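Number of protein chains: 4
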Amino acid sequence: MKADIFDMVSPLDYRYYGRNSDAFGKLKDYLSENAMIKYMAKVEAALTTTLSEMGLCSKKIAREVEQAAGKVTAEEVYKEEDRIKHNVRALANSIRKRVSKEAKPYVHFTSTSHDIICSAEAARFKDAMEKVIVPACVELEKTLIEIALREKRTLQIGRTHGQHAEPITFGFTMAEYVDRFGNRILAMKKAASELRGKLSGAVGAYNASSLFFKNPYEFEKKVLSKLGIKPAMHSTQVAEPEFMADLLHSVVSAFGVLANLADDMRHLQRSEIAEVGEAFGKQQVGSSTMPHKRNPINFENVKSMFKAFMPKMITAYLDQISEHQRDLTNSASQRFNAELLVAFYVSVRRLKKVLDNLVVDRRNLQKNFDMSSSLIVAEPLYILLAAHGHPDAHEHVRRLAQSAREQNKPLEELIAKDASLKKYLAKMTAAQRKVLTDPQLYIGRAVQTTERVCRHWKKTLRI
Amino acid sequence: MKADIFDMVSPLDYRYYGRNSDAFGKLKDYLSENAMIKYMAKVEAALTTTLSEMGLCSKKIAREVEQAAGKVTAEEVYKEEDRIKHNVRALANSIRKRVSKEAKPYVHFTSTSHDIICSAEAARFKDAMEKVIVPACVELEKTLIEIALREKRTLQIGRTHGQHAEPITFGFTMAEYVDRFGNRILAMKKAASELRGKLSGAVGAYNASSLFFKNPYEFEKKVLSKLGIKPAMHSTQVAEPEFMADLLHSVVSAFGVLANLADDMRHLQRSEIAEVGEAFGKQQVGSSTMPHKRNPINFENVKSMFKAFMPKMITAYLDQISEHQRDLTNSASQRFNAELLVAFYVSVRRLKKVLDNLVVDRRNLQKNFDMSSSLIVAEPLYILLAAHGHPDAHEHVRRLAQSAREQNKPLEELIAKDASLKKYLAKMTAAQRKVLTDPQLYIGRAVQTTERVCRHWKKTLRI
Amino acid sequence: MKADIFDMVSPLDYRYYGRNSDAFGKLKDYLSENAMIKYMAKVEAALTTTLSEMGLCSKKIAREVEQAAGKVTAEEVYKEEDRIKHNVRALANSIRKRVSKEAKPYVHFTSTSHDIICSAEAARFKDAMEKVIVPACVELEKTLIEIALREKRTLQIGRTHGQHAEPITFGFTMAEYVDRFGNRILAMKKAASELRGKLSGAVGAYNASSLFFKNPYEFEKKVLSKLGIKPAMHSTQVAEPEFMADLLHSVVSAFGVLANLADDMRHLQRSEIAEVGEAFGKQQVGSSTMPHKRNPINFENVKSMFKAFMPKMITAYLDQISEHQRDLTNSASQRFNAELLVAFYVSVRRLKKVLDNLVVDRRNLQKNFDMSSSLIVAEPLYILLAAHGHPDAHEHVRRLAQSAREQNKPLEELIAKDASLKKYLAKMTAAQRKVLTDPQLYIGRAVQTTERVCRHWKKTLRI
Amino acid sequence: MKADIFDMVSPLDYRYYGRNSDAFGKLKDYLSENAMIKYMAKVEAALTTTLSEMGLCSKKIAREVEQAAGKVTAEEVYKEEDRIKHNVRALANSIRKRVSKEAKPYVHFTSTSHDIICSAEAARFKDAMEKVIVPACVELEKTLIEIALREKRTLQIGRTHGQHAEPITFGFTMAEYVDRFGNRILAMKKAASELRGKLSGAVGAYNASSLFFKNPYEFEKKVLSKLGIKPAMHSTQVAEPEFMADLLHSVVSAFGVLANLADDMRHLQRSEIAEVGEAFGKQQVGSSTMPHKRNPINFENVKSMFKAFMPKMITAYLDQISEHQRDLTNSASQRFNAELLVAFYVSVRRLKKVLDNLVVDRRNLQKNFDMSSSLIVAEPLYILLAAHGHPDAHEHVRRLAQSAREQNKPLEELIAKDASLKKYLAKMTAAQRKVLTDPQLYIGRAVQTTERVCRHWKKTLRI
């Protein structure tokens with residue numbers, strides 16, 4: 000059924016996914032309604048194939064059903080649903096009409112609608128995560144690692160409360176996201192691999208299948224293994240909802256990491272800060288002039304998508320509740336879960352693209368650092384004086400810093416001239432003394448931590 | 000741009016709206032992306048027309064621009080956006096290319112992108128609410144009133160905690176929703192009428208328009224009045240977000256009323272209760288046999304849609320926050336607001352349809368009432384005895400009720416036989432005494448309240 | 000019952016309210032549990048007083064009950080509840096034990112627990128809003144107006160996407176919040192005045208009261224008017240939940256305005272921007288040096304409180320749903336509503352205090368403005384050239400701006416030297432030409448809008 | 000600081016935790032503000048002890064600090080904070096004032112406030128989970144297992160859409176919760192064990208500690224191991240927020256399982272269903288008469304608490320975002336996290352108590368089952384006929400079922416009399432045929448699944 004894409008109401012459909020060849024190309028085989036119908040047909044095929052393996056029908060019948068299932072289209076299933084008002088029966092009919100009289104009874108044999116729906120949903124979400132979304136995340140992680148390592152020694156003033164604090168490097172800044180996003184990738188992989196299907200019938204007690212199988216658990220396991228998934232130990236009409244809730248949480252919390260990264264970049268791109276910028280081409284990287292009024296529209300978009308999709312978790316928690324062996328108040332709402340995955344993927348790809356071309360303006364990084372360099376020395380000075388026995392370190396340093404500001408001189412100079420500090424300086428190690436003359440050295444383990452984090456994730460994710 | 004509707008990922012697009020001729024037919028002129036582009040073109044036309052009214056350009060130019068604006072399609076605007084990477088400039092270009100050289104400068108004159116976007120958004124949401132959604136709500140309200148009045152005397156056992164409590168009528172049950180939904184209709188109307196547009200430029204200070212107009216406030220007001228909306232007293236690059244938040248709250252809270260109604264009906268349809276049922280045709284109303292296993296799928300769907308869309312308010316509250324004269328982190332997220340209106344409309348229509356054919360099973364209503372009729376008398380008895388001076392009313396009634404249960408006799412019978420109660424019964428009014436012999440009379444003001452509520456809303460909403 | 004405040008788990012109780020003499024002093028009479036019990040006792044007193052007015056009991060009895068109600072403490076009610084496991088019956092018992100035998104039956108006469116609870120809740124929330132919270136908001140609004148008017152001509156660079164855009168004034172920046180918060184104050188007042196009580200009994204049909212009153216609506220209205228509130232047209236065991244949802248929405252959306260203001264101030268306080276600062280004393284206002292590393296902890300706190308309490312609306316929407324004539328799944332959850340009001344009040348007061356002492360650093364405002372002043376002229380130049388017939392205004396200006404940057408000269412200078420622009424400059428008004436030589440003039444109606452907004456709200460709120 | 004508990008505003012403090020000896024007794028050592036201060040003091044002690052282990056100070060100094068830390072009270076820390084306006088410095092001062100001049104510099108040495116706060120928060124939450132909350136969950140799981148096994152053969156009609164569907168057992172119903180809650184217990188244990196602390200200083204780069212330690216990672220690890228926790232690979236001023244978000248998700252989703260269980264029980268307790276009931280004493284279990292109007296107030300309370308606390312996840316996701324090396328907008332909001340754990344614990348204990356005394360009314364279970372027993376046979380009959388070659392099984396059974404209803408006879412009887420079915424019945428196995436004469440046999444693997452699930456969780460959780 001063809002429609003004008005601009006008659007749609009979902010911004011995903013008419014804008015972010017439907018007109019985005021990468022997202023559309025990669026995801027439509029898993030997350031569109033066509034994909035859902037395909038996966039449901041796959042479950043039906045796996046079911047009949049398993050029947051033949053367990054001797055309930057012939058291999059010929061299984062092949063017939065498998066071939067028929069492969070031909071079913073969403074279009075025809077929806078037409079049939081319009082007629083009979085039941086979506087899974089419509090699917091079964093669409094298969095049955097293609098097979099011989101002998102094969103017909105073995106289509107959908109002993110199963111209930113949600114045996115098919117829950118299993119298809121789990122299988123397609125698992126595939127979408129494992130085949131498209133997680134790999135895209137790993138690609139993004141790679142970009143984050145590249146920037147972190149490339150900029151591991153690029154001096155930056157660390158900021159807390161939006162105020163200059165202590166020195167770090169820009170690579171260290173990015174290493175935060177390498178680590179956090181790395182952790183989320185593992186969480187998403189874990190959650191995707193744990194999704195569960197079911198083939199336990201209308202109330203979950205294998206009522207119908209028990210009439211035919213000695214071991215209906217075995218039957219269920221065999222069918223689901225063909226789709227790459229496992230059964231839960233217990234199900235009702237539907238699979239236990241916590242496995243899906245865990246997946247959605249892993250995605251939403253990964254989205255949160257991206258939103259934080261996007262916010263950081265937006266602020267570093269402010270006119271007054273201008274340490275980074277979204278670029279138009281790779282050739283501009285390292286450009287010495289950063290064009291004014293370059294809006295961080297991609298970072299803004301990622302934050303905006305997070306705001307639009309994060310509240311989806313509320314629905315996921317509400318969908319945990321289904322009365323008795325199930326009510327259907329989670330039927331429509333769960334159909335919207337696929338949207339979250341699409342929105343997340345689109346944001347991952349957008350970030351990857353913009354970060355691949357991120358302009359890092361080292362001149363501005365240095366300029367901003369220099370604003371506070373004098374102040375920076377004050378902290379290690381105070382700590383070192385105290386550690387080496389100065390009785391009133393904090394107050395002494397406070398007064399020294401004030402003089403530096405009033406005389407508009409570097410604090411380093413005044414330290415050198417202050418006779419009372421001599422004996423404490425003498426007790427310090429060479430490295431400690433050096434920090435006091437060069438605030439740029441006061442970056443702690445910024446470089447090593449960056450390297451350590453990147454090494455860990457390259458190894459863990461086999462990048 | 001045509002696409003297979005089943006390649007979409009939004010359940011609205013491929014299922015609830017895109018394939019629903021009523022929803023699609025009624026809403027696409029307001030809530031689709033095509034509609035958004037149309038409304039934006041309307042704002043551009045209104046702008047140039049106002050310029051001509053204020054003597055800045057000729058009427059001919061205004062007519063040219065108006066005609067050009069009427070021809071613009073989403074398709075071409077998106078193509079132009081693909082080229083120049085700016086959606087409102089793409090719209091302006093699409094208009095400009097259709098007008099004379101003289102007219103070109105007066106397209107989008109002195110305005111910023113969000114003058115157009117905010118004003119178009121406010122105008123189309125106002126129209127969608129006033130022309131389609133509120134009228135559909137009034138239609139549903141009408142159905143609720145019809146049922147309430149029709150069933151105003153149909154006895155029902157009132158329930159608290161899921162337990163039988165005191166008698167009411169089924170009409171009174173429905174009158175709750177007449178009143179609550181009526182209040183929400185007023186809230187939605189109010190909020191829709193308060194939506195604001197803006198034409199105050201890039202930072203809201205009328206910087207550009209002040210170069211040309213003595214009274215840019217007047218200019219803004221005139222343009223917006225052509226779209227049926229008003230300006231706020233202050234705006235930045237965008238209109239104040241609280242007006243939209245109020246509208247979304249009015250819709251979400253109206254959705255909450257429907258979700259409550261849906262839940263009530265679902266439970267009244269339980270196998271053991273069976274007081275109402277979703278029907279297939281009007282002729283079945285009052286049918287003496289209620290077919291078993293008639294699933295409340297429509298009521299379930301409404302509850303499910305509420306769960307999917309209610310959390311949208313979180314996004315609305317987050318979108319209140321926009322840094323300084325605006326950041327764009329509300330750009331993508333606000334595009335999804337239209338979806339809430341669509342989902343709500345679909346649910347309103349679904350409820351109207353199922354309630355128009357609601358089966359009310361009076362036999363079961365009576366049967367369930369009778370389960371507790373004996374118990375019901377106990378309450379007024381205790382209250383009346385106490386009011387008329389019985390020193391130990393509660394304990395006496397408790398023991399009487401226990402005897403009634405043990406002897407399996409109606410409490411009424413035991414009351415009549417209890418000599419110690421005579422003098423108190425004598426003090427009671429005739430009406431009070433009557434309640435004690437007929438629990439069906441203990442419905443208080445259920446009938447009158449139903450009538451009063453319905454009368455009020457018929458008048459208020461001119462139904 | 001005394002407890003160590005630091006053994007509590009709510010940050011409100013042990014930190015933000017419990018140890019804050021202003022919040023504790025002002026709010027405990029409305030929003031503590033002691034207050035709730037007091038209000039419930041007030042409802043009981045109003046009930047018996049109305050009985051006497053309607054001739055059902057003597058004035059003496061009414062006075063007895065009123066006096067007894069005035070003496071009840073939370074402590075004793077909770078002790079009685081521990082014994083009988085019912086909180087409202089515990090309250091009634093606590094009153095009854097203090098009155099004569101004749102008066103006892105007229106305590107809690109014909110009413111159900113939630114007649115008392117809903118009415119008390121509505122009355123105390125209305126009082127808390129009208130007597131404490133809205134007045135505190137008006138005080139804050141006053142401060143916002145003072146700053147806006149004081150700084151109405153203080154030049155500031157407007158920012159969109161965090162990038163320098165067009166000029167405004169700092170007063171105009173604050174006027175945004177004057178207008179948005181003003182609107183929210185009206186919304187809160189409206190919602191508070193609409194809160195509803197009820198006295199319609201266990202299922203809302205006036206079952207018990209109808210045994211005694213010809214007009215139980217009148218009875219209900221009289222009781223509630225003594226508490227300053229109105230009944231809804233329909234209630235079940237509980238009052239319609241939408242009135243409370245509206246109030247909570249008005250508060251949450253007002254909180255959103257404060258969160259936006261807090262975010263803006265936080266960012267303006269960044270080391271590189273430093274246009275404002277949290278101060279320690281009023282004498283520092285206008286100080287020419289802004290001390291480094293002054294953290295915006297109060298603004299951060301307000302944003303943080305918003306994040307903690309805004310999601311409360313989800314609970315409010317879920318609490319709209321109560322099965323049939325009520326289930327009790329909204330009982331515990333609604334007790335937490337008071338917390339939102341406390342958190343909001345605390346944030347309002349905190350903001351008021353910090354804004355009263357806000358440091359506005361005009362030197363930095365000017366410095367930041369100057370960063371982009373050259374660029375700023377480019378925009379009106381382009382608009383004016385186009386409006387006056389230049390065939391290629393945008394490109395010409397682009398090239399001129401580039402030259403200005405390369406030659407490191409003000410754009411104004413190059414405009415003056417550019418012969419090709421002469422004839423267009425000639426067509427401009429004097430005011431238009433003046434903007435081109437002084438970017439500080441390009442502030443549009445920033446000053447007038449600020450005045451207009453402040454005038455409006457001073458009048459509307461009688462400040 | 001003593002306060003009247005009823006002057007508090009948090010329902011936890013004045014009602015659910017503060018007056019609940021079990022919750023208060025078990026949790027105040029972890030989740031109160033007193034506990035937070037104790038844990039922070041513990042981190043300070045661990046820090047100095049590690050300094051001595053690494054040779055930076057003497058063991059005597061470490062002992063001094065440890066003893067001093069053990070004496071610090073919340074009361075004095077808050078008083079000191081009132082004076083100096085900094086909570087962690089207030090703590091450090093409270094320790095310092097108790098130690099010798101030599102020891103003073105080694106208190107809080109090289110660390111920043113959030114080294115202490117993040118580590119204390121992680122440690123106390125881990126302890127609260129592992130020592131109190133998870134064990135309480137295991138206790139509840141034990142009760143669930145007991146009921147499931149006890150009732151594994153108790154026939155119940157399975158319900159979907161609130162409608163009678165296929166037979167199960169009440170034990171199978173409970174086994175759903177055994178499995179789902181078991182899975183959540185594992186999730187909570189995992190998440191608690193993954194909580195991370197940090198000792199990496201003000202911006203996370205070990206700036207200060209690097210002045211003194213060759214291997215500041217080692218230092219950090221040693222300090223944290225004393226608290227039973229680990230560092231993250233990267234931190235800023237604060238620990239990575241995802242570990243806490245994972246914990247909160249595990250708790251909220253476990254709460255969701257309880258909410259579902261509570262809803263199921265509420266509905267099974269409806270007057271018309273009455274299969275279970277909340278009891279007052281263990282002696283009533285199995286009572287043959289279920290007293291009317293026994294409200295499911297405990298189940299209602301659990302659902303209500305879920306509604307109040309589940310939205311907390313929104314705050315958790317928003318708290319993932321902290322600008323650069325941190326802003327403080329997550330400071331106040333995170334203080335409220337402890338409330339979620341308290342509310343969850345209270346609900347777990349409440350459920351355990353009510354389920355320990357759950358009344359299971361077997362007479363009503365059978366009565367409700369019998370309502371639909373005739374219908375139940377229709378399903379296996381249709382499946383078996385089809386499987387054994389009947390050409391028109393569905394239609395034949397439909398007509399047969401209709402006749403059964405019209406003649407008011409059991410379907411079993413009509414099957415026996417229907418000659419046309421003979422040959423198909425002959426092909427069936429004995430077990431298959433038996434199901435057709437006794438619908439109670441059509442429970443599939445309800446009993447075995449119950450046993451299997453319970454066996455698994457007894458083993459996994461070592462119950």
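Chains as they are written, first to last, in numbering that gives the first Met the number 0: chain A, 0 to 462; chain B, 0 to 462; chain C, 0 to 462; chain D, 0 to 462.
A virtual CB, placed ideally from N, CA and C, is assigned to each residue, including glycine.
Computed from a prediction, not measured in an experiment: that's the story for all the values here.
{"Item": "First and last residue of the uninterrupted alpha helix (DSSP H) at D/D3", "Value": "Segment K1 to D3 is the beta strand (DSSP E) holding D/D3; no alpha helix (DSSP H) there."}
{"Item": "Residue-chain proximity (A/H291, chain C), Cβ-Cβ < 8 Å", "Value": "Unreliable positioning characterises A/H291 in this predicted model, as indicated by a pLDDT of 41, which lies under 50. The coordinate reading is nonetheless provided below. True, the Cβ-Cβ gap to chain C drops below 8 Å."}
{"Item": "Contacts of A/E434 in chain D (Cβ-Cβ under 7 Å)", "Value": "One point to set straight first is that residue 434 of chain A is Val, not Glu, in the sequence displayed. Within chain D, the residues near A/V434 are L210."}
{"Item": "Host alpha helix (DSSP H) of A/E165 (start-end)", "Value": "Note, A/E165: premise wrong, no alpha helix (DSSP H); beta strand (DSSP E) at Q162 to T168."}
{"Item": "Opening and closing residue of the beta strand (DSSP E) in which A/T468 lies", "Value": "No statement about residue 468 of chain A is possible, as the shown extent of chain A runs from 0 to 462 and does not include it."}
{"Item": "Which of helix, strand or coil DSSP assigns to B/P240", "Value": "coil"}
{"Item": "Same chain, Cβ closer than 6 Å to C/A445, neighbours up to 5 away in sequence not counted", "Value": "I167, T168 and F171"}
{"Item": "D/G69 - containing alpha helix (DSSP H), residue span", "Value": "K58 to K70"}
{"Item": "Burial state of C/D245 (16 or more Cβ within 10 Å)", "Value": "buried"}
{"Item": "Closest by C-alpha distance to C/N329, when choosing among D/I296, D/V347, D/D326 and D/L198", "Value": "D/I296"}
{"Item": "A/E241 beta carbon near the ligand MN (any heavy atom closer than 7 Å)", "Value": "By its list of ligands, the structure shown contains no ligand whatsoever, and the ligand MN lies outside what it can speak to."}
{"Item": "Chain-order list of residues whose beta-carbon lies under 7 Å from that of D/I184 (same chain, five-residue window excluded)", "Value": "V133, C136, V137, E140 and L460"}
{"Item": "Residues near C/E411 in its chain [Cβ-Cβ closer than 7 Å; skip 5 each side]", "Value": "V376, L435 and T436"}
{"Item": "Interface partners of B/Y423 on chain C, CB under 8 Å", "Value": "What B/Y423 touches in chain C: nothing, since even the nearest Cβ is about 12 Å away."}
{"Item": "CA nearest to the CA of D/A191, picked from D/G200, D/N214 and D/I228", "Value": "D/I228"}
{"Item": "Contact list for the region 302-319 of chain A against chain D, Cβ threshold 7 Å", "Value": "M309, P310, M312, I313, Y316 and Q319"}
{"Item": "Rounded straight-line distance, which links the Cα of B/E274 to that of C/H107", "Value": "34 Å"}
{"Item": "Within chain C, partners of D/S9 - CB distance below 8 Å", "Value": "M7, V8, S9, L11, D12, F335 and E338"}
{"Item": "Interface partners of B/G161 on chain D, CB under 8 Å", "Value": "R265, H266, Q268, R269, S270 and P295"}
{"Item": "Within 8 Å, strictly: CB atoms of A/V42 and A/L154", "Value": "no"}
{"Item": "Run of the beta strand (DSSP E) containing B/T159, from where it starts to where it stops", "Value": "L154 to T159"}
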